[in-house]
Amino acid sequence: MKRLLLVSAALLVACGETAVKTAPEPVESVEVEAPFYDVAGQYAKFSEIRMSPDVDFLPASERAALETLMQLGPIMDEIYLLQRNADNPALRTKIAAKGDMDALNMFDLHFAHCDGLEGDAPFVDGLGDCPKGGGFYPADMTKAEFEAHLEANPDDRDAFTSGYTVIRRNDDGGLIAIPYRDAYSEQVEAAARLMRRAASQTAEPTLKRFLELRADAFETDDYFESELAWMDLEGPIEIAIGPYEVYDDQLFGYKTAYEMFLTIKDPDASAALDKYKGYLKDMEENLPVPDPYKNTARGFESPISVVDQIKGGGDNSNGVQTIAFNLPNDERVREAKGAKKVILANVLGAKYDRILAPIGERVLVPEQAALTEKKWMSNNTVFHELSHSLGPGKIVVDGRETEVRLELKDQYSGLEEGKADVMGAYNVLYMMERGELDASERDAYLATYFTGKFRSMRFGVTAAHAKGAAFQYRYFREVGAAEWLPDEQRYRLDFDRLARAISDLTGKVVMIQGDGDYDAAKAFMDKYATLDAAAETVLGNLDDIPYDIRPVYPSKI
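Counting from 148, one number per residue, gives the positions in the sequence shown under this note's numbering.
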């Protein structure tokens, strides 16, 4: 899981957003009106970085396979464009016809006419809002209509809540579910052909098997066997491709978005982190919750890969860039084999240098800001991903066997990302207690961890990671772990109190998930996933620092 804050209108002013034009140029109804704020300025918040991953060591067979797999990125982009909004191709054509390259660049960055940094606010006037349900549901469908249909047609529940169907209207205006393989048949078939071609080129048997099974999965929407094969991937090429995350379904959190991560593995760095997967069961047992909330039945294989990304696609190319992911999300696979954690080293390194290091100087008092280090950002990322594999997954609610994500619906993604983050910190401290990490550097880790909340809280009201970061920040402020110094416009951390708060908050979130209580989750997020005046002030002081990076990967190798 990847790929963030509920922010007030005052924050948009504090962050220096540009004003709305009061007299837009008159246009025909079919044309696009002028952007109503500084689109070029918003686009510039993503710092372009050219990536040059080393592939010279690959044998001819793997280079050939890699070149074929690179062609999958644009296909994932095509599907994802439709999943963000079914009308996106027509909207892009309108923007292009207007000749506004700034708006077109922004559209291509966000796969929409809405700005992900500003809560999906439209940056092109006259095109309306982006649908909360993305392109997964009819734009005019309400949550009440969807739930009323299931009440009247209980046999449709599995198809309607499936992660691999889109909901459309039938000829009578009612709702029907259409499998992904049919909704995106042209792209699905093209992707399957490329995967089979790459499978014939590679000499690595585990990659060959995965690609063959994944091609079948694209054509059947049955991913189970290929997910198991993905867990067993070996060799230098590490690829994740398919429909995974539910962030773009802001109505229910049911529907998965297509994406691709095409990477080259660093075997030495991966081996250095591999020992931590051996502690996953101990981490589960050590969670600060009663035993019924612990998930000791889940698989704990969980390989860890450190990689350099070669090419992205789909949801992985949208706006804020992923630095790591934990897949698959299928609870059946997680219970059988755990989940794989993949750290995108070249993306993470670029973000620390360009973003987190300078942010730290404006978040913490100087002596604490000096403690932040790239290695602790890396460790924090590793344990964030490990922690996605811990805590409740399959649960029982009112006698029903179900899953946390199904019960928490639209509250799930933000709560889960925050859970992985705070539980990751809890587990870093646990590894220090065990002597696996240097306990003398606890304060350096905590300073880096806390600073990271502000990197994430800049990502907009619709972003799961920002919501997760916001509720951690607000809780730490509530318990006095971070003192605001108005004259310095910075925080001073109470490291002992912050360590205790990390433990307490981990327990609270795990129990909300384990209870599968939607109302409790919503109440928690409504209370804590908000900003106070101090946070708004700090975020306003960061506006000259890039919000994120815009990596440019080689078009060929």
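Yeah, the Cβ is synthetic: ideal placement off N, Cα and C, and Gly gets one too.
Since this is a predicted model, take the numbers as computed values, not measurements.
Nearest neighbour of residue i, chosen from the options [CA to CA]
i	options	result
K467	Q456, K498, D666 and K484	Residue identity check: residue 467 is Val in the sequence provided, not Lys. Cα-wise, what sits closest to V467 is K498.
A237	A586, I222, G220 and A259	A259
A404	Y327, D305, E351 and T519	Y327
G661	D272, G687, V436 and K669	V436
E209	A345, Y284, L297 and D500	A345
K541	P221, R445 and G320	R445
A668	N235, G461, D690 and V656	V656
D272	A291, K245, G280 and P285	K245
Y694	T677, P701, G654 and F606	F606
G460	G188, L228, D438 and R316	L228
K566	F642, E625, M672 and S525	M672
L537	P383, L427 and V626	L427
F530	M217, I226 and K424	K424
D249	Q189, F293, D691 and Y440	Q189
Q397	A610, P701 and F270	A610
D462	I388, E432, D429 and S417	I388
S650	D421, T215, D415 and L434	L434
M579	S560, R547 and N527	N527
DSSP three-state assignment for residue i, whether helix, strand or coil
i	result
D455	strand
G246	coil
K703	coil
S309	coil
L474	strand
S208	helix
S536	coil
I542	strand
S194	strand
A497	helix
P390	strand
P301	helix
Y405	strand
L434	coil
P383	coil
T410	strand
G582	coil
R239	helix
CB contact flag (residue i, residue j, <9 angstroms)
i	j	result
V489	I451	yes
I196	R637	no
G303	A330	The residue asked about is misnamed: residue 303 is Asp in this sequence, not Gly. Cβ atoms of D303 and A330: not closer than 9 angstroms.
F408	T469	yes
A286	P278	yes
K629	T677	Note that residue 629 is Ala in the sequence shown here, rather than Lys. No.
D568	H612	yes
L593	Q619	no
A646	L576	yes
Q515	R639	yes
Cβ shell of residue i (< 8 angstroms), same chain only, five flanking positions each side left out
i	result
L375	V480, A483 and K484
E478	G540, K541 and E550
E366	R328, V335, E336 and A339
V202	R210, L213, I411, I457 and I704
T353	A376, D379, L380, E381 and G382
F270	P182, F183, Y184, V186, Q189, A250, M253, H260, C261 and D262
T215	L341, R344, A345 and Q348
K192	L264, P693, Y694 and D695
D224	F258, G460, G461 and S464
Chain-order list of residues whose beta-carbon lies under 7 angstroms from that of residue i (same chain, five-residue window excluded)
i	result
F254	R239, I242 and H260
R231	F258, A259, G281, G282 and D395
R315	P285, I323 and I325
Inter-residue Cα distance where the pair is residue i and residue j
i	j	result
G263	L503	20 angstroms
V453	G310	28 angstroms
T443	E550	16 angstroms
Y596	E406	28 angstroms
A670	E563	15 angstroms
V685	V510	7 angstroms
L256	L219	18 angstroms
S347	D234	37 angstroms
W377	D641	43 angstroms
L213	M604	35 angstroms
I506	I692	7 angstroms
E292	G400	16 angstroms
R128	G266	As displayed, the chain neither begins before 148 nor continues past 704, which places residue 128 out of reach and without an answer.
Beta-carbon proximity list for residue i, same chain, < 6 angstroms, skipping 5 on both sides
i	result
S176	Legend: pLDDT at S176 = 38, less than 50; position of this residue unreliable, value from coordinates given subsequently. So the list is empty, once near-sequence residues are dropped.
N473	M148, A486, K488, E532 and H535
K521	Y499
P475	E374
V313	F283, I325 and A330
M342	L358, R361 and A362
T308	Y401
Minimum Cβ-Cβ distance from residue i to chain B less than 9 angstroms
i	result
S417	Going by chain labels, chain B is absent from the structure shown, which holds only one protein chain.
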